[in-house]
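Just so you know, we're using the working numbering here: the sequence shown kicks off at -2 and counts up by one. Even glycine gets a Cβ: it sits at the ideal position worked out from N, Cα and C. Quick caveat: nothing in here was measured; it's all calculated off a predicted structure. Please read the structure below before turning to the comments.
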Amino acid sequence: MGGLMVAGAIATGTCSFAPSSTWVSTASPMTGSMASDYFQDSCKDDTNLFMETFVDLTGLCPAGDGIQSLAYQNETYSSKELDAAYVAAQEAYRRNVYALMCSNKYTGIYSIEHLQYWTLGNMVPHKSDKNDGMVEFQSCASGIPESKFGSTYRDKFYATNLNHADAAFRHGDSLLDTAKMPVKWFECLL
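Here is the structure:
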């Protein structure tokens, strides 16, 4: 979400980068997240008993500003204003991002959060199977061609098999799978 916030701030002129700055982005929901729409549907009891109970028990209902602000672009919970803000932020993102990590799979690194993102990857009606459980690859790439991405930590544009928590560097690197090495990727950028 930080990448979307930075892109929005640049797009509105709220901030800008110094010439010496380099923008590295990870798992940014540049078109929003279908998880936001799904959580909002669940608060209205429009999904399934499991998710409806989950959002009630975890305090996600009613949907707060954070969840609402990530409504998927051009979908039910978005607005013309939010859609326009997405478009402006996406342009700023494409113009400024130096390196990017997006995920093709939500399998991720085995951790305490593994099951949570596996469940979200399977239950949320994402627009694509290429997602990290929360954010779809094409939302994260935001118009940057998939052909620019490689599958190892040596690639500046890194297409991973990480879940959303792994993309936030919470669980380190996989021991052997080069598509699951976010820390090494970041180190190689330095």
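On the three-state DSSP scale, how would you describe residue 15?
To locate residue 15, count along the sequence shown from 1; it is residue 18. Residue state, collapsed to three classes: coil.
What's the C-alpha gap between residue 164 and residue 99?
In the sequence shown, counting from the first residue as 1, residue 164 sits at position 167. In the sequence shown, counting from the first residue as 1, residue 99 sits at position 102. Those two C-alpha atoms are separated by around 8 Å.
Does residue 19 pass the burial test, meaning 16 or more other C-beta atoms within 10 Å, or should it be called exposed?
Residue 19 sits at position 22 when you count from the first residue of the sequence shown. Under this definition residue 19 is an exposed residue.
Could you give the distance in angstroms between the alpha-carbon of residue 218 and the alpha-carbon of residue 58?
Nothing in the structure corresponds to residue 218, since the chain is present only between -2 and 187.
From residue 145 to residue 75, what does the alpha carbon distance come to, in whole angstroms?
Taking the first residue of the sequence shown as 1, we reach residue 145 at position 148. Taking the first residue of the sequence shown as 1, we reach residue 75 at position 78. Each residue's alpha carbon lies about 29 Å from the other.
By DSSP's criteria, residue 21 is part of a beta bridge. Which residues make up the other side?
Locating residue 21 in the sequence shown gives position 24, where the first residue counts as 1. 96.
In three-state DSSP terms, what is residue 27?
As a working note, residue 27 is residue 30 in the sequence shown. Three-state DSSP puts residue 27 in a strand.
With residue 138 as the anchor, note down where its alpha helix (DSSP H) starts and where it stops.
If you number the sequence shown from 1, residue 138 lands on position 141. Where residue 138 is concerned, the enclosing alpha helix (DSSP H) stretches over 134 to 138.
Could you give the first and the last residue of the continuous alpha helix (DSSP H) run that contains residue 50?
For the purposes of this step, residue 50 is taken as residue 53 along the sequence shown, with counting starting at 1. Taken as a continuous stretch (DSSP letters only), the alpha helix (DSSP H) holding residue 50 covers 46 to 54.
Hey, residue 176 and residue 158: beta-carbon distance below 8 Å or not?
Residue numbering aside, residue 176 sits at position 179 when the sequence shown is read from its first letter. Residue numbering aside, residue 158 sits at position 161 when the sequence shown is read from its first letter. Their beta carbons are under 8 Å apart, which means residue 176 touches residue 158 by this criterion.
Put residue 73 into one of helix, strand or coil per three-state DSSP.
Along the sequence shown, read from residue 1 onward, the residue named residue 73 stands at position 76. Correct three-state label for residue 73: coil.
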